[in-house]
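Chemist:
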Amino acid sequence: MSAATLDLHQMGVAELGAALHARQTSATEVAQHLLARAHAHSGLGAYLALNEAATLAQAAAADARLSAGERGPLLGVPLAHKDVFVTRDFPTTAGSKMLQGYRSPFDATVVQRLAAAGAVSLGKLNCDEFAMGSGNDQSAYGPAHNPWDRTRVPGGSSGGSAVAVAARLAPAATGTDTGGSIRQPASFCGVTGIKPTYGRCSRYGLVAYASSLDQAGPMARSAHDCALLLSAMAGPDVERDSTSLEQPPEDYSRYLAQPWPGASASRPLQGLRIGLPREFFGPGCASDVLQAVRAALSELERLGATLLDIDLPRTELAIPAYYIIAPAEASSNLSRYDGVRYGHRAAQPSDLLDLYQRSRSEAFGPEVQRRILLGTYVLSHGYYDAYYIKAQQIRRLIAQDFQTAFGQCDLIAGPVAPSVAWAIGAKTADPLAAYLADIYTLPASLAGLPGMSVPAGFGADPLPVGLQLIGNYLSEARLLQVAHQLQLVSDWHTRTPPPFTPCPGSHS
1 MSAATLDLHQ
11 MGVAELGAAL
21 HARQTSATEV
31 AQHLLARAHA
41 HSGLGAYLAL
51 NEAATLAQAA
61 AADARLSAGE
71 RGPLLGVPLA
81 HKDVFVTRDF
91 PTTAGSKMLQ
101 GYRSPFDATV
111 VQRLAAAGAV
121 SLGKLNCDEF
131 AMGSGNDQSA
141 YGPAHNPWDR
151 TRVPGGSSGG
161 SAVAVAARLA
171 PAATGTDTGG
181 SIRQPASFCG
191 VTGIKPTYGR
201 CSRYGLVAYA
211 SSLDQAGPMA
221 RSAHDCALLL
231 SAMAGPDVER
241 DSTSLEQPPE
251 DYSRYLAQPW
261 PGASASRPLQ
271 GLRIGLPREF
281 FGPGCASDVL
291 QAVRAALSEL
301 ERLGATLLDI
311 DLPRTELAIP
321 AYYIIAPAEA
331 SSNLSRYDGV
341 RYGHRAAQPS
351 DLLDLYQRSR
361 SEAFGPEVQR
371 RILLGTYVLS
381 HGYYDAYYIK
391 AQQIRRLIAQ
401 DFQTAFGQCD
411 LIAGPVAPSV
421 AWAIGAKTAD
431 PLAAYLADIY
441 TLPASLAGLP
451 GMSVPAGFGA
461 DPLPVGLQLI
471 GNYLSEARLL
481 QVAHQLQLVS
491 DWHTRTPPPF
501 TPCPGSHS
């Protein structure tokens, strides 16, 4: 097969890697093709920055490595980065006017490791400002648009990443998940995304939102592709990130072709116990979402898995606990943006206080200001013990609930979000409504557990629905194994939004 007959943008990470190794195409040709698509579909708002010279230089370097006989699953494969990872070749804004035009002198560890594996950076992707949001409509540079329905949000904060993968602008992207910001946009856009155990991926070079919650992870079309990406991204980095886990690098694809331990090839998930939290399947979840999730769970049953009801009794406390802890940490982390050292600086301040006030008021958007104020309040004298300490105690209880549940089951499954994607701007005036959309993703984030979203069909209109899988600590390879088995017998992850479905004979 020649490069001219390949639908390059329809190929995932593993497919592109194989085509590059077989010399059916080149890294330069793939990069040029996807850069052209990024320009052609700029109206989606997925990309915030491109640097074609830098991208093509990386592609040429990958081609040279391939010509020299080097092999690797990511060598020459393009991807794009959420705009909270600092990069030397592209500006880093975190979706905020505060960092408009900022150029980092170094690459984030995740970016560095993917580059070392030979991945080619296409550009930087849109996100909610400082990763604070559930719809990617809090970006200072305009919203990203869900490619299934451009009037809808793609989810947040990693909305640009989900859009780029779903619309076939990139085969994969990096994202970050603080309270669901990989899983929810993956669900809304019909792609696969995984948040690893807290500490699996280094936070060095990640623009901080809430340091005890932020975690990097990959977004791609399939569990197989996510496994290849995570294998390159993860690993200890304790010299630069004190919260990095001292776990040796792993091959997260090692179980993909295997049945569950003790299972047969005909029933590859026999023996797997999947817990279904009663709290995730109540009246708060839309019927169309539940129908799609139940259908995906039925597929897992046919593969041999056993479904059992479990309890996560403190699920409803996850929202108040998270929206105390995360804003408190954000208040501390964002105090560095004061107009003095770097970032936006107000013009002609009358004194130092005026510089602080106007620089922050001019550059921070309303959601960031809201969370800073809330965080400062709960950390203030007289409220620290009443709010922040209590929230941390609840966080520990939520983690204990999960450990009790894992005494009964191997992994936990349920919906990612209580509804499909909502209209852009529909929840802007009611931030509490947006916060409630995180009800099913926040518990795993507070506990530091790995979780992922796997395409599970479609709900109303029709819009994608994701199945959430949550594992115990360090069980990413097993989560990816289960997701891969589901994707072997379903095609939800291969569906392309109708505007981006190729016409017969078209390779654009």
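To convert, note that position 466 of the sequence shown is 466 in the UniProt record's numbering; the numbers rise steadily by one, no gaps. For every residue, glycine included, the Cβ atom is placed at its ideal position computed from N, Cα and C.
#1: I need the DSSP call for Y337, collapsed to helix, strand or coil.
#2: Counting C-beta neighbours from all protein chains within 10 Å, is the total for G72 16 or more, i.e. buried, or is it exposed?
#3: So, helix, strand or coil for L169, using DSSP?
#4: When the distance is taken between beta carbons, is A223 closer than 8 Å to T243?
#5: Does DSSP put F233 in a helix, a strand or coil?
#6: Determine, using beta carbons only, whether A166 and C189 come nearer to each other than 8 Å.
#7: Can you have a look at A162 and say buried or exposed, based on whether 16 or more other CB atoms are within 10 angstroms of its CB?
#8: Between A208 and chain C, is any beta-carbon pair separated by less than 8 Å?
#9: Would you call the CB atoms of L228 and A62 closer than 8 Å?
#10: Given L276, which residues of its chain have a CB within under 8 Å of its CB, disregarding the five upstream and five downstream residues?
#11: Could you tell me the alpha carbon to alpha carbon distance between M98 and G12, rounded to whole angstroms?
#12: So, is E316 buried or exposed, given that buried needs 16 or more other C-beta atoms within 10 angstroms?
#13: For the beta strand (DSSP E) containing I310, name the first residue and the last one.
#14: Going residue by residue through the segment 135-218, where are the continuous beta strand (DSSP E) segments of at least 3 residues, counting only ones entirely within it?
#15: Go through its chain and collect everything with a Cβ distance to T87's Cβ below 8 Å, but skip five positions before and after it.
#16: Quick one: measure Cβ to Cβ for A417 and Q184, integer angstroms, because I've assumed they're closer than 8 Å.
#17: What is the residue span of the beta strand (DSSP E) that G425 lies within?
#18: Among residues of its own chain, excluding the 5 on either side of D410, which ones have a beta-carbon nearer than 6 Å to its beta-carbon?
#19: Going by DSSP, what residue range makes up the beta strand (DSSP E) through P455?
#20: Do P450 and I194 have their C-beta atoms within less than 8 Å of each other?
#21: What residue from Y47, R65, G101 and L256 has the CA that sits closest to S158's CA?
#22: Buried or exposed, going by whether 16 or more other CB atoms sit within 10 Å of the CB of L74?
#23: Can you grab the Cα-Cα spacing for the pair T151 / H145, in whole Å?
#24: Drop a sphere of 10 angstroms on the beta-carbon of G262, count the other beta-carbons inside from all chains shown, and report buried for 16 or more, exposed for fewer.
#25: Among A40, L269, R37 and A53, which one has its Cα closest to the Cα of Q485?
#26: Along the chain, where does the alpha helix (DSSP H) that runs through G275 open and close?
#27: Secondary structure at S508, three-state DSSP: helix, strand or coil?
#28: Assuming contact is defined by CB atoms lying nearer than 8 Å, are E246 and A477 in contact in what I supplied?
#29: So if DSSP puts V120 in a beta bridge, which residue, or which two residues, is it bridged to?
#30: Output the boundary residues of the alpha helix (DSSP H) element that contains Q403.
#31: For my contact list, A210 and E329 are in at a C-beta cut-off of 8 Å; report their separation, rounded to the angstrom.
#32: Taking Cβ positions, are Q138 and D128 nearer each other than 8 Å?
#33: Identify, in the order they occur along the chain, each residue of the same chain with its Cβ nearer than 8 Å to the Cβ of D338, setting aside the five sequence neighbours on each side.
#34: On the premise that A119 lies in contact with L79, defined as a C-beta separation below 8 Å, what is that separation, rounded to the nearest angstrom?
#35: Among the residues of its own chain, which have a CB less than 8 Å from the CB of L290, if the five just before and after it don't count?
#36: With a CB to CB cut of under 6 Å and the five nearest residues on each side skipped, what residues in its chain are close to A49?
Modeler: In this structure, then:
#1: Coil.
#2: Buried is the call here.
#3: Coil at L169, not helix or strand.
#4: Against a cut-off of 8 Å, the Cβ pair of A223 and T243 comes out as no contact.
#5: Checking the sequence shown, residue 233 turns out to be Met, not Phe. Secondary structure of M233 (DSSP, three-state): helix.
#6: Here A166 is near C189, since their CB atoms are less than 8 Å apart.
#7: With 16 or more Cβ atoms within 10 Å of its Cβ, A162 is classed as buried.
#8: Of the protein chains in the structure, only one exists, and it is not chain C.
#9: No.
#10: So the list reads L297, L307, L308, D309, I310, I412, A413 and G414, once near-sequence residues are dropped.
#11: Note on geometry: alpha-carbon atoms of M98 and G12 lie some 35 Å from one another.
#12: The residue in question, E316, is exposed, as its Cβ has fewer than 16 Cβ neighbours within 10 Å.
#13: Segment T306 to I310, the beta strand (DSSP E) holding I310.
#14: Residue ranges of uninterrupted beta strand (DSSP E) with 3 or more members, entirely inside the segment 135-218 and ordered along the chain, are 172-177 and 192-195.
#15: These residues qualify, in order along the chain: H81, S104, D107, A108, V111, S121 and K124.
#16: So it is a contact: roughly 5 Å between Cβ atoms.
#17: Taken as a continuous stretch (DSSP letters only), G425 belongs to no beta strand (DSSP E), as it is neither H nor E.
#18: Here the set comprises L272 and R273.
#19: Looking at the DSSP string, the run of the beta strand (DSSP E) that includes P455 is G451 to F458.
#20: Taking C-beta atoms as the reference points, P450 and I194 count as a pair closer than 8 Å.
#21: Of the listed residues, the one whose Cα sits closest to S158 is Y47.
#22: So L74 counts as buried.
#23: Across the structure, T151 and H145 are spaced so that their CA atoms are roughly 7 Å apart.
#24: Result: exposed.
#25: The candidate whose alpha carbon is nearest that of Q485 is L269.
#26: That residue, G275, is in no alpha helix (DSSP H); its beta strand (DSSP E) goes R273 to P277.
#27: Since pLDDT at S508 reaches only 46, below the 50 mark, its modelled position is unreliable, and no value is offered.
#28: No, the Cβ-Cβ distance between E246 and A477 is not below 8 Å.
#29: Looking at the DSSP output, V120 shares a beta bridge with P78.
#30: For Q403, the uninterrupted alpha helix (DSSP H) run begins and ends at K390 to A405, by DSSP.
#31: Contact flag correct, Cβ pair sits at about 4 Å.
#32: Yes.
#33: So the list reads L355, Y356, S359 and R360, once near-sequence residues are dropped.
#34: Under the criterion of beta carbons closer than 8 Å, L79 and A119 qualify as touching, at roughly 5 Å.
#35: Closer than 8 Å at Cβ, skipping near neighbours: F281 and P415.
#36: If you ignore the 5 residues before and after A49, its C-beta comes within less than 6 Å of the C-beta of F90, P91, G123 and K124, all in its own chain and listed in chain order.
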